[in-house]
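Each protein sequence line maps, in turn, to chains A and B. With our numbering applied, the first sequence corresponds to residues 1 to 211, in that order. With our numbering applied, the second sequence corresponds to residues 212 to 651, in that order.
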Amino acid sequence: MVASPLPPLLGMAVAAAAVFAAGALVWLVLQTFGYRRTPSGNGWKGVTYAFGRGMLPWEKESAGRHLLTLGAGALYHAGVFLALLQLLALILGVDVPQTLAPFLQIFLLVSLLCGVGLLLKRAFLPVLRALSCPDDYVANVVVDLFLLFSLLTAREGAWTNWLLGISIAFFIYVPLGKIRHCVFFFYTRVLFGLFFGKRGVLPHAAGGGER
Amino acid sequence: MSDRLDERIEALTPEELEAAVRRLRDVITRGDAAAAQSCLRCGLCAETCHYYQASPSLEAHPAYKLNLVLAVFKRYFTGFGKVAPGWVGGRALDQDTIREWLDSLFGRCSLCGRCFMNCTVGINVPRFVRAGRGVLTSLDLVPPDLQSTVRMAIEKGNNMGIEPQEWRDTVEWLEEELRTETGDPAARMPLDESGARLFYTVNPREPKFFPLSLVAAASIFHAAGENWTFSSDCYDVTNYGLFSGDNEVAGAISARLFSRATGLGCDTLVLGECGHGFNAHRWESAEWLNGTDVPPMRSIIQVIANYIREGRIRLDPSRNSKPVTLHDPCNLVRLGGVIEEQRFVLRHSVSSFIEMHPNREQNYCCGGGGGQLSMSRFAKRRLEAGRIKAEQIRATGAKIVVAPCHNCIDQLTELNKEYKLGVEVRTVAELVANALVRSS
Numbered sequence: 001m002v003a004s005p006l007p008p009l010l011g012m013a014v015a016a017a018a019v020f021a022a023g024a025l026v027w028l029v030l031q032t033f034g035y036r037r038t039p040s041g042n043g044w045k046g047v048t049y050a051f052g053r054g055m056l057p058w059e060k061e062s063a064g065r066h067l068l069t070l071g072a073g074a075l076y077h078a079g080v081f082l083a084l085l086q087l088l089a090l091i092l093g094v095d096v097p098q099t100l101a102p103f104l105q106i107f108l109l110v111s112l113l114c115g116v117g118l119l120l121k122r123a124f125l126p127v128l129r130a131l132s133c134p135d136d137y138v139a140n141v142v143v144d145l146f147l148l149f150s151l152l153t154a155r156e157g158a159w160t161n162w163l164l165g166i167s168i169a170f171f172i173y174v175p176l177g178k179i180r181h182c183v184f185f186f187y188t189r190v191l192f193g194l195f196f197g198k199r200g201v202l203p204h205a206a207g208g209g210e211r
Numbered sequence: 212m213s214d215r216l217d218e219r220i221e222a223l224t225p226e227e228l229e230a231a232v233r234r235l236r237d238v239i240t241r242g243d244a245a246a247a248q249s250c251l252r253c254g255l256c257a258e259t260c261h262y263y264q265a266s267p268s269l270e271a272h273p274a275y276k277l278n279l280v281l282a283v284f285k286r287y288f289t290g291f292g293k294v295a296p297g298w299v300g301g302r303a304l305d306q307d308t309i310r311e312w313l314d315s316l317f318g319r320c321s322l323c324g325r326c327f328m329n330c331t332v333g334i335n336v337p338r339f340v341r342a343g344r345g346v347l348t349s350l351d352l353v354p355p356d357l358q359s360t361v362r363m364a365i366e367k368g369n370n371m372g373i374e375p376q377e378w379r380d381t382v383e384w385l386e387e388e389l390r391t392e393t394g395d396p397a398a399r400m401p402l403d404e405s406g407a408r409l410f411y412t413v414n415p416r417e418p419k420f421f422p423l424s425l426v427a428a429a430s431i432f433h434a435a436g437e438n439w440t441f442s443s444d445c446y447d448v449t450n451y452g453l454f455s456g457d458n459e460v461a462g463a464i465s466a467r468l469f470s471r472a473t474g475l476g477c478d479t480l481v482l483g484e485c486g487h488g489f490n491a492h493r494w495e496s497a498e499w500l501n502g503t504d505v506p507p508m509r510s511i512i513q514v515i516a517n518y519i520r521e522g523r524i525r526l527d528p529s530r531n532s533k534p535v536t537l538h539d540p541c542n543l544v545r546l547g548g549v550i551e552e553q554r555f556v557l558r559h560s561v562s563s564f565i566e567m568h569p570n571r572e573q574n575y576c577c578g579g580g581g582g583q584l585s586m587s588r589f590a591k592r593r594l595e596a597g598r599i600k601a602e603q604i605r606a607t608g609a610k611i612v613v614a615p616c617h618n619c620i621d622q623l624t625e626l627n628k629e630y631k632l633g634v635e636v637r638t639v640a641e642l643v644a645n646a647l648v649r650s651s
């Protein structure tokens with residue numbers, strides 16, 4: 001993809017939306033500190049575990065039992081990360097190297113298919129459907145559209161304005177709906193690590209955690 | 212659901228419901244608030260729950276139980292939830308919600324934390340379930356038998372309502388047993404011994420129904436030459452406030468125990484074989500008591516393991532020759548961090564030790580946790596939910612199941628009958644006492 005000049009107003013709007021998303025997410029995190037403090041302790045080994053070995057599928061039964069969903073989720077999130085990088089390059093006027101373009105397009109396509117697959121799973125599995133609220137579907141659709149237009153833009157620069165438009169919607173929705181987990185996931189994971197680390201449960205010793 | 216609880220729900224006033232919402236706000240910590248924003252409703256936690264595995268239904272799904280409480284949190288405490296609750300799954304705290312809370316939070320969760328440990332994000336689901344229970348408690352909507360257990364502990368100092376004289380008589384009688392058992396006429400079960408190194412606490416079901424388990428622990432202390440004591444009026448290791456979700460009551464129960472232990476000048480509070488008692492006093496009380504001085508605490512299992520390491524007791528494993536398996540109590544192991552000590556002790560006390568699978572922090576709850584044994588209305592579900600544990604036990608081929616938790620022992624005893632397992636259910640101390648080699 002070759003970066004083409006952006007309509008200045010649209011580029012600024014995307015940047016403003018991204019700043020709004022970042023600011024709103026920070027505000028949401030800070031807001032939680034108003035709640036009563038939990039006991040402090042030395043759980044940093046647990047935190048290291050939570051972000052390291054604890055992310056492996058065999059360490060979490062929920063992931064280990066559902067490898068297909070885990071894989072789809074991982075590809076989906078990786079695709080979003082790539083799409084954001086592409087958007088950043090676009091805003092900064094940096095060209096994506098031609099040699100990387102096919103790989104980028106394939107990855108975005110796979111990521112998009114994973115997102116759609118997860119959406120269909122939510123819509124058609126009765127238990128999952130019963131657990132879901134409109135936010136779950138809309139968040140997925142917003143991200144899927146972001147991926148779709150990232151893919152189209154990666155193929156043809158003519159889609160750039162469409163991508164910028166959906167990016168604005170995407171960034172505005174980030175702090176409003178469940179996509180806010182992009183920040184709160186890490187926060188919760190830290191607390192998870194502190195909880196089990198402080199109590200000496202995780203990381204388990206060699207031979208511990210035997211299944 | 213009993214008529215009393217039904218009537219109470221029907222009679223709830225808008226003011227009471229508003230107060231209940233404020234109560235929920237009071238028990239939410241910053242961690243809870245973060246977690247509330249993190250649940251993806253991915254549904255992958257389903258099979259981590261023994262209730263769901265025993266009876267796969269939406270109501271048994273951990274994410275469903277979590278979101279029952281999160282829905283109310285979102286409705287009242289998040290921006291989007293206030294404006295468009297339906298969009299984010301927000302829900303008002305009304306009579307219908309209360310009914311679902313009562314049935315699911317009390318009746319379909321043993322607060323075992325297995326979903327927490329295996330959540331793709333790491334959300335502390337039991338904290339939300341307990342927060343919801345706390346709200347129900349504030350509305351006087353606790354299953355009556357659980358509430359009476361809590362009330363008994365507050366009023367009588369122990370959850371079984373044992374009168375002080377009855378306790379003193381029991382200890383006196385057991386002291387005679389101990390002397391016979393050890394062959395030492397000077398062997399003692401001390402009460403209120405000032406300056407003793409260890410302050411030992413027990414589950415009141417021991418003096419009430421299984422007094423010889425107290426003799427087992429006393430035999431071990433005797434063999435180790437330990438300086439220890441019971442309290443004459445504050446010896447109950449349990450804390451059912453953990454299960455009712457009532458932080459004030461739970462804190463008061465813990466504070467009373469800590470105060471008695473430090474008042475007698477004891478170095479260490481030793482928590483008897485009780486999973487939830489260990490978790491409540493050792494860990495959760497820090498939040499309830501908000502920085503109050505807490506004495507050093509250890510599980511009796513850790514104390515016994517140290518005796519073995521230090522050579523203070525000698526054991527002959529051949530005296531326990533039947534194959535033994537170990538049940539890991541959730542509150543002691545996954546939520547408590549006492550994981551390897553019981554294995555170390557058993558490997559020195561029995562000839563044949565077989566692990567069940569999964570084990571340690573990935574163990575399945577026996578089904579008796581979370582106050583389930585004190586809520587007769589949910590007994591059928593409790594026994595169904597214990598099916599996985601029964602299958603685990605059967606697969607080991609063991610003849611003895613050891614559980615360092617008296618609530619687990621009660622449940623395992625019922626599972627033994629229900630699923631015809633044909634095993635004996637014992638405490639760790641009982642097997643250790645049986646393996647003791649006494650010096651002549």
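Just so it is clear, CB atoms sit at the ideal spot from N, CA and C, and this is done for glycine as well.
How about residue i and residue j: do their beta carbons lie closer than 8 Å?
i: A13 of chain A; j: I166 of chain A; result: no
i: G318 of chain B; j: R592 of chain B; result: yes
i: T638 of chain B; j: I611 of chain B; result: no
i: K285 of chain B; j: G300 of chain B; result: yes
i: V110 of chain A; j: L75 of chain A; result: yes
i: Q622 of chain B; j: M567 of chain B; result: no
i: G210 of chain B; j: G580 of chain B; result: Residue 210 of chain B lies beyond the range of chain B shown here (212 to 651); nothing can be said about it.
i: T331 of chain B; j: A78 of chain A; result: no
i: V361 of chain B; j: L235 of chain B; result: no
i: V382 of chain B; j: M400 of chain B; result: yes
i: H261 of chain B; j: G578 of chain B; result: yes
i: L642 of chain B; j: S562 of chain B; result: no
i: L350 of chain B; j: L385 of chain B; result: no
i: P654 of chain B; j: I373 of chain B; result: As shown, chain B starts at 212 and ends at 651. That puts residue 654 of chain B outside it, with no answer to give.
i: F441 of chain B; j: L480 of chain B; result: no
i: A274 of chain B; j: R302 of chain B; result: no
i: F171 of chain A; j: F20 of chain A; result: yes
Going by DSSP, what residue range makes up the alpha helix (DSSP H) through residue i?
i: G560 of chain B; result: The question names Gly, yet the displayed sequence has Ser at residue 560 of chain B. From DSSP, the alpha helix (DSSP H) with S560 of chain B extends over E552 to S560.
i: T348 of chain B; result: V336 to S349
i: E366 of chain B; result: P355 to K367
i: I373 of chain B; result: Segment: none, I373 of chain B is in no alpha helix (DSSP H) and carries neither H nor E.
i: L453 of chain B; result: G452 to S455
i: E229 of chain B; result: P225 to V238
i: H181 of chain A; result: H181 to K198
Going by alpha carbons, who is nearest to residue i out of the options?
i: Y312 of chain B; options: B:A231, B:E226, B:N645 and B:P422; result: Here residue 312 of chain B turns out to be Trp, not Tyr, going by the sequence shown. Considering only alpha carbons, the answer is B:A231.
i: S686 of chain B; options: B:T381, B:N574, B:E227 and B:V460; result: Only positions 212 to 651 of chain B appear in the structure, and residue 686 of chain B is not among them; the question remains open.
i: S524 of chain B; options: B:F291, B:W499 and B:V556; result: A small correction: the amino acid at residue 524 of chain B is Ile; Ser does not occupy that position in the sequence shown. Ranking the options by Cα distance to I524 of chain B, first place goes to B:V556.
i: A463 of chain B; options: B:E484, B:S442, B:I519 and B:N501; result: B:N501
i: V505 of chain B; options: B:F441, B:L543, B:I515 and B:A491; result: B:A491
i: G71 of chain A; options: A:V19, A:F146 and A:M55; result: A:M55
i: L68 of chain A; options: B:C253, B:F291, B:A274 and B:A303; result: B:C253
i: R310 of chain B; options: B:E552, B:R219, B:M586 and B:E625; result: B:R219
i: G242 of chain B; options: B:R338, B:A282 and B:A295; result: B:R338
i: K198 of chain A; options: B:A606, B:G548, B:A245 and B:L304; result: B:G548
i: S529 of chain B; options: B:I512, B:L647, B:G633 and B:W439; result: B:L647
Need the endpoints of the beta strand (DSSP E) that residue i sits in, please.
i: M654 of chain B; result: In the structure displayed, chain B extends from 212 to 651; residue 654 of chain B sits before or after that span and is not available.
i: V613 of chain B; result: I611 to V613
i: T48 of chain A; result: Where T48 of chain A is concerned, there is no enclosing beta strand (DSSP E), although the alpha helix (DSSP H) it sits in stretches over W44 to F51.
i: V141 of chain A; result: Taken as a continuous stretch (DSSP letters only), V141 of chain A belongs to no beta strand (DSSP E), being part of the alpha helix (DSSP H) at P134 to R155.
Taking only beta-carbon positions, decide if residue i is within less than 8 Å of chain D.
i: C320 of chain B; result: Considering every chain present, this structure includes no chain D. Its protein chains are A and B.
Per DSSP, which one or two residues make a beta bridge with residue i?
i: V413 of chain B; result: B:D447
i: S650 of chain B; result: Answer by DSSP bridge pairing: none, since S650 of chain B is not bridged.
i: W439 of chain B; result: B:L409
i: M508 of chain B; result: B:L480
i: F564 of chain B; result: B:V535
i: E221 of chain B; result: For E221 of chain B, which the question treats as bridged, DSSP gives no partner whatsoever.
i: E635 of chain B; result: B:I611
i: L663 of chain B; result: Limits of chain B in this structure are 212 at one end and 651 at the other, which puts residue 663 of chain B out of reach.
Under 8 Å, with one C-beta from each stretch per pair, do the segment 536-548 of chain B and the segment 611-618 of chain B reach the 3-pair mark?
yes
Cβ pair count under 8 Å reaching 3, the segment 47-54 of chain A against the segment 257-269 of chain B
no
Taking contact to mean 3 or more Cβ pairs, one atom from each stretch, closer than 8 Å, check whether the segment 445-456 of chain B and the segment 406-418 of chain B are in contact.
yes
Does the segment 132-139 of chain A come close enough to the segment 87-100 of chain A to have 3 or more Cβ pairs within less than 8 Å?
no
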